[in-house]
Each structure stands twice: as structure tokens, then as C-alpha cells.
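Data block below; observations after.
Protein chains: 2
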Amino acid sequence: MKMLIVEDDSLHRAYLRDTIAAALPECTEVIEAADGLVGEQLAREHKALHIVMDLQMNARTGIEAARNIWRERPETCILFWSNYSDEAYVRGVSRIVPEGAAYGYVLKSATDARLKLALRGIFVEGQCVIDREVRGVQQKSLGHRGGFTESEYEVLVDIALGLTDRAIAHRRSLSLRSVQNRLQQLYDKLELYKDEPEGQQPSTFNLRTRAISVALLRKLLNANSLEQAELELSEWRARHQ
Amino acid sequence: MKMLIVEDDSLHRAYLRDTIAAALPECTEVIEAADGLVGEQLAREHKALHIVMDLQMNARTGIEAARNIWRERPETCILFWSNYSDEAYVRGVSRIVPEGAAYGYVLKSATDARLKLALRGIFVEGQCVIDREVRGVQQKSLGHRGGFTESEYEVLVDIALGLTDRAIAHRRSLSLRSVQNRLQQLYDKLELYKDEPEGQQPSTFNLRTRAISVALLRKLLNANSLEQAELELSEWRARHQ
DNA sequence: GCGACGGTTGCGGGTTCCCGCAAAACATTC
DNA sequence: GAATGTTTTGCGGGAACCCGCAACCGTCGC
Chain A
466 MKMLIVEDDS LHRAYLRDTI AAALPECTEV IEAADGLVGE QLAREHKALH
516 IVMDLQMNAR TGIEAARNIW RERPETCILF WSNYSDEAYV RGVSRIVPEG
566 AAYGYVLKSA TDARLKLALR GIFVEGQCVI DREVRGVQQK SLGHRGGFTE
616 SEYEVLVDIA LGLTDRAIAH RRSLSLRSVQ NRLQQLYDKL ELYKDEPEGQ
666 QPSTFNLRTR AISVALLRKL LNANSLEQAE LELSEWRARH Q
Chain B
466 MKMLIVEDDS LHRAYLRDTI AAALPECTEV IEAADGLVGE QLAREHKALH
516 IVMDLQMNAR TGIEAARNIW RERPETCILF WSNYSDEAYV RGVSRIVPEG
566 AAYGYVLKSA TDARLKLALR GIFVEGQCVI DREVRGVQQK SLGHRGGFTE
616 SEYEVLVDIA LGLTDRAIAH RRSLSLRSVQ NRLQQLYDKL ELYKDEPEGQ
666 QPSTFNLRTR AISVALLRKL LNANSLEQAE LELSEWRARH Q
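Respectively, the protein sequence lines represent chains A and B.
Going left to right, the first sequence walks through residues 466 to 706 as my numbering numbers them.
Going left to right, the second sequence walks through residues 466 to 706 as my numbering numbers them.
In C-alpha cells, the structure reads:
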């Protein structure tokens with residue numbers, strides 16, 4: 466079995482190497498990459514089918530790298546090993562995992578035992594292994610309890626990119642009014658009206674920017690997801706001269 | 466010499482412990498904390514005067530913890546050891562370091578040798594040791610080459626929190642128009658007009674939200690600094706019922 | 001004293017945004 | 001097909017925002 470490690474922190478890389486050696490004696494070869502870009506290349510060269518991947522790297526995000534790798538070889542098994550369980554990450558991952566692929570999402574704060582279990586589960590048994598904390602976030606984002614629909618999430622990203630209503634309408638092929646409706650739903654679900662003072666004085670908050678603010682605080686968005694979205698936006702803008 | 470380590474990642478904590486033992490043989494006692502909150506408490510209990518501190522922890526940010534510690538004992542020496550050199554962090558740190566205190570800012574990607582040098586420089590010689598990359602950011606933010614003045618930075622934070630012009634004016638004791646002037650300077654310096662298409666068609670970007678977006682992309686702001694600012698805002702709002 | 005300069009404030013108009021109201025389009029169910 | 005619910009769209013008004021213009025201050029240097 467060949468294993469590829471994609472992780473920018475050398476300490477964590479060393480730890481992974483040791484833990485993999487201990488948990489997977491059948492693993493004969495370990496390759497390492499320090500960022501998503503070379504990770505992608507190595508995966509291609511070595512036709513690696515087993516990958517442990519950090520999210521949050523400079524040259525290329527773990528999510529981007531994984532998407533490209535899965536595009537070429539959808540049967541690849543990938544274990545995402547991250548510090549955070551931000552909804553932005555969880556959403557990003559489940560958006561790209563191909564039909565029936567085995568993958569995992571384990572937090573770096575997990576114990577040795579948890580990580581080893583996940584390694585065996587994914588790479589030997591072909592299971593999906595998702596940490597409890599992560600699972601919680603996943604459920605919330607998909608289930609209807611305060612979760613956001615795909616279209617609401619789309620407009621959230623769009624206003625976070627700084628687009629106007631009109632631009633969003635154009636991009637998503639909607640009428641102006643529909644965009645504004647979605648925004649309203651978004652404002653409702655984010656509970657922007659909660660922390661407004663009671664009185665009738667003009668409100669302290671600009672809803673549009675406040676929405677971005679609380680989305681960031683709630684980890685619905687993060688810097689990485691924004692960067693990604695920015696890329697997609699400029700691609701789109703290039704296509705539509 | 467007594468040393469306090471405040472760092473949430475156990476691997477990094479172990480690495481620090483080893484490196485400190487190697488670089489500072491005069492260090493007789495090492496205490497550890499896994500987040501800012503207990504870091505603060507331990508600093509108080511042990512009257513620690515030498516601290517290595519991570520930024521970016523859950524319970525309490527390194528910056529908050531350091532501010533509180535320095536408030537009590539301004540002669541404490543603190544080495545900030547962080548993954549990133551975001552302007553938001555650098556600004557946050559230099560905002561709280563007391564007159565004449567010895568401190569350091571070293572990136573986690575630095576080599577062993579660099580870290581050891583910094584440890585001796587700060588804790589033995591009482592120097593300030595700032596990594597080159599960090600220094601670059603610091604200069605830019607203070608020097609006038611595209612840097613932001615304190616007041617521009619203030620309004621940037623305020624709109625990122627989602628405040629209206631009126632609310633900002635109230636908070637900062639300015640007229641409405643002055644706030645809008647500052648916003649305009651901000652928009653200029655962020656070069657929001659750059660990536661607008663030439664034509665006369667209505668612009669694709671909402672300046673106010675776009676400003677937040679590019680500030681995040683440029684690391685002028687990050688999730689931590691926003692959280693912090695959110696706290697200060699709610700304190701302020703409590704004071705003004 | 002005086003002109004120059006940067007920062008502040010008021011005014012006004014054009015645009016965008018927020019959102020209630022109601023009609024239309026589509027999907028569900030009986 | 002009739003009844004019901006959901007989503008989309010247009011209209012319109014009030015508020016907030018962007019910003020040019022002009023007047024008003026304080027601080028310099030001379």
C-alpha cells in the first residue's frame with residue numbers, strides 16, 4: 466500500500482508518518498508533500514490511491530487539491546485531517562466527494578487511537594469515518610434545524626464577495642426581487658434582528674454587512690472559503706467578458 | 466528561570482518544551498497551558514515573567530491573554546509564536562505591547578536555529594526579536610506606503626462588524642459625513658475601483674461589502690480580530706445602554 | 001497677519017438596498 | 001379539476017449609502 470501525506474506543518478507531518486507506520490504495517494511507501502500544489506502533482510505521478518490531507522495550506526487548499534485529484538481518480542481514498550470543523554470546511558468537503566468514495570474527516574485534536582482507527586477504517590476497510598464533532602456540523606448544515614439551503618448559502622457567499630443585488634441576480638439567473646427574497650430568508654435565519662435594541666431608533670446594523678460578520682463568527686464562512694469563492698467568481702467573470 | 470508555554474497544539478507544545486530545554490539550560494521550570502484562559506491564570510499564580518504564546522486559541526486568544534498579563538505585570542517577556550503574519554495579528558500585537566517591554570514574534574515555519582536565537586535574545590538579553598516576514602508587514606502597516614492610518618483601520622473594523630454609518634459616527638464621535646469621508650479613503654486605498662470593468666454599466670460591486678471582502682483576502686482582518694472587535698463592541702454597547 | 005493645507009461638516013442628488021403587498025407561476029394533494 | 005401551499009416576480013416607498021461641492025476650522029511656515 467502506498468500513502469501520500471499532504472500537510473504543510475513539518476511536525477504534524479512527522480507525527481502522521483509515525484502514526485501511519487504504527488497503524489498500517491501493510492503500508493510500504495510513504496510520500497510527502499508540503500502543500501496542495503505538489504500534493505496534487507505527486508498524487509498524479511505516483512497514482513496514489515491513499516491520501517491524508519490537511520485543509521488550509523498556502524499554495525493550494527486541501528479542498529481544491531482533493532477536488533482535482535478526485536476528478537482524475539474518483540476511487541481515491543482521502544482522509545481529511547484538520548484543526549477545525551468550521552461549517553465552511555465541512556460544506557466544502559461534502560460538496561466535492563464523488564459518488565461512493567471512501568473518505569474521512571478527523572480533527573487534529575483527536576487522540577492517537579481515534580486517528581489510527583480512522584486510518585484503518587478508511588484505507589483498509591473502505592469505510593467513511595467522520596469525527597463526532599464534524600458529524601454534528603454536517604447534520605446541522607444539511608438537516609433543516611437552522612440549516613441553510615444551497616441557494617441561501619449561495620447568496621451568502623455572493624454578498625460576502627461584495628456583489629450587488631443586481632450582479633447576483635445576473636450571476637445566478639434570477640430576478641432582482643428573488644435575490645432580495647433570499648437575502649431576507651438569510652437575514653432571518655442568521656437572526657440579525659435578535660441583537661437589535663428594542664426601541665424604534667434607527668437600527669445600528671447594516672443588515673448586509675452584519676450578515677457577513679455573523680457568518681464569519683459562526684464559521685459559516687472563513688477566509689479559505691472566501692478565497693475559493695473569489696477564484697470561482699473571477700472565472701465566471703472571465704467567461705462573461 | 467521559569468517559563469510558561471501557552472499553546473493549544475500538543476505536538477507544538479512538546480516541540481517547544483524540547484527546544485527550550487536545548488536553548489535555555491538556565492531554564493529550571495516549564496509550565497504549560499493549552500489555551501489562553503488557563504495561560505492567564507497560570508501566569509498570575511506563578512508570576513511567570515517568561516512566556517511563549519500562541520496566537521489563535523479557542524478559550525482566549527493569545528492577544529487577549531497577553532494584554533491581560535501585561536496589564537498586571539508590564540515587565541513580562543512574551544514571545545509570540547504563530548503560524549501566520551497576517552496584518553491583523555501584527556497590528557493586534559503592537560497595539561498592546563507596553564512601553565519598553567521585551568517581546569518577540571516568530572513564525573512557526575521558522576527553523577530550529579531561528580527559534581533558539583529568538584528565545585535567547587528575548588529571555589536572556591531582553592531584546593525584541595521580530596521575524597523578517599513579520600517585520601515587513603509591520604513596516605507596511607505603519608509606514609505610509611499603502612498603509613492604513615489608525616482611523617481608517619477603525620472604520621474598516623466597524624463596517625466589518627456590520628455597523629451603519631450613523632452608528633459608527635456615534636461610536637467614534639464624528640459627524641456622519643466624516644465617517645463617509647474615511648470610508649472613501651478606505652475604498653481608495655483598498656483599490657476597489659481597480660477590478661471594476663471599464664464601461665459605464667452599473668458596477669458589480671457593493672463597495673462597503675467589497676471592502677470587507679478584500680480586507681479579508683489581504684489579511685488586514687481575520688476571524689480572530691473580528692471576534693475581538695465584536696467583544697469590544699458589545700462592551701461599548703453595554704456602557705451606552 | 002496670511003495663504004496653504006489637511007481634516008471636518010452640511011447640503012443635495014443619484015443610486016442601491018430593505019421590505020410590505022399582491023399578482024402570477026408552479027408543485028402538491030385530494 | 002379544484003384547492004392549497006411554495007416560489008418567483010413586479011411595484012413602490014422609505015431608508016441608507018456613495019460622493020461631488022463648498023464652506024469651515026485648526027495648524028503650520030513665513
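Backbone N, C-alpha and C define an ideal beta-carbon position, used for all residues, glycine too.
Item	Value
Specify, as a first and last residue, the run of the alpha helix (DSSP H) that K581 of chain B falls within.	D577 to F588
Mark Q521 of chain A as exposed unless 16 or more other C-beta atoms lie within 10 angstroms of its C-beta, in which case mark it buried.	buried
Which same chain residues end up closer than 7 Å to E552 of chain B when comparing Cβ atoms and leaving out the 5 residues on each side of it in sequence?	V602, S606, K684 and L685
Find the residues of chain A that neighbour T629 of chain B, judging by a C-beta separation of less than 8 Å, and give them in chain order.	P667, S668, T669, F670 and N671
Does the pairing of the stretch 585-604 of chain B with the stretch 654-663 of chain B give three or more beta-carbon distances under 8 Å?	no
Less than 7 Å between the beta carbons of D473 of chain B and A499 of chain B, yes or no?	yes
Got a sec? Which residues, its chain only, sit under 8 Å from R585 of chain B by beta carbon, not counting five neighbours each side?	A488 and L489
Can you tell me whether H635 of chain A is helix, strand or coil according to DSSP?	helix
For A632 of chain A and chain B, any beta-carbon pair shorter than 7 Å?	yes
Taking three-plus beta-carbon pairs below 8 Å as touching, is the stretch 619-627 of chain B in contact with the stretch 558-577 of chain B?	no
Within 10 angstroms of the Cβ of A486 of chain B, are there 16 or more other Cβ atoms? Answer buried if so, exposed if not.	exposed
Would you say D493 of chain B faces chain A, with C-beta separation under 7 Å as the test?	The sequence shown places Thr at residue 493 of chain B, rather than the Asp named in the question. Cβ-Cβ to chain A under 7 Å: no for T493 of chain B.
May I ask you to list the residues that DSSP assigns as paired with C542 of chain A?	A:H515
Return the first residue and the last residue of the beta strand (DSSP E) that L469 of chain A is part of.	K467 to V471
Could you give the distance in angstroms between the alpha-carbon of R631 of chain B and the alpha-carbon of R637 of chain B?	10 Å
On the CB-based measure, 16 or more other CB atoms within 10 Å of its CB, does T493 of chain B come out buried or exposed?	exposed
Taking its Cβ as the centre, do 16 or more other Cβ atoms sit within 10 Å of G557 of chain A, making it buried, or is it exposed?	buried
R675 of chain B touches chain A at which residues, Cβ-Cβ below 7 Å?	G627
Here's a check: name, in chain order, each residue in its chain whose Cβ is nearer than 6 Å to the Cβ of R532 of chain B, leaving out the five neighbours to either side.	I561
As a quick exercise: from A:R673, A:F588, A:A524 and A:T669, pick the residue whose alpha carbon is nearest that of K467 of chain A.	A:F588
Just to confirm, are L502 of chain A and R525 of chain A a CB contact at a threshold of 7 Å?	yes
Judging by CA-CA distance, which residue of B:Y570, B:F613, B:W535 and B:E491 is the nearest neighbour of S547 of chain B?	B:Y570
Taking 7 Å as the cut-off, decide whether the C-beta atoms of L674 of chain A and G627 of chain B are in contact.	Position check: residue 674 of chain A holds Thr in this sequence, whereas Leu was assumed. It is a contact, given that the beta carbons lie within the stated cut-off.
Taking C-beta pairs closer than 7 Å, name the residues in chain A that I595 of chain B reaches, listed in chain order.	Result: empty, since nearest Cβ-Cβ is about 21 Å, beyond 7 Å.
Check this for me: beta carbons of I785 of chain A and E505 of chain A, under 7 Å apart or not?	Chain A is shown from 466 up to 706; residue 785 of chain A falls before or after that span and cannot be answered.
Of all the CB atoms in chain A, is at least one closer than 7 Å to the CB of Y549 of chain B?	no
Cutting at 7 Å between CB atoms, please list the residues of its own chain near L481 of chain B, excluding the five before and the five after it.	I470, E472 and V517
I need the straight-line Cα distance from G612 of chain B to Y652 of chain B, nearest angstrom please.	13 Å
Under 7 Å Cβ to Cβ from P539 of chain B, same chain only, skipping five residues before and after it: list those, please.	P563 and A566
Name, in chain order, the residues that DSSP records as bridge partners for F670 of chain A.	B:L628
In the DSSP assignment, the beta strand (DSSP E) including L572 of chain B goes from what residue to what residue?	Y568 to L572
Using a cut-off of 9 Å between C-beta atoms, extract the partners of H511 of chain A located in chain B.	Per Cβ cutoff of 9 Å: no residues; H511 of chain A is ~26 Å from chain B at best.
Taking the beta carbon of A676 of chain A as the centre, do at least 16 other beta carbons fall within 10 Å, making it buried, or is it exposed?	buried
What residues match up with V495 of chain B in a beta bridge as DSSP calls it?	B:M468
Going along chain B in order, which residues have a C-beta closer than 8 Å to the C-beta of L607 of chain A?	Result: empty, since nearest Cβ-Cβ is about 23 Å, beyond 8 Å.
So R536 of chain B is in the alpha helix (DSSP H); what residue range does that whole segment cover?	G527 to E537
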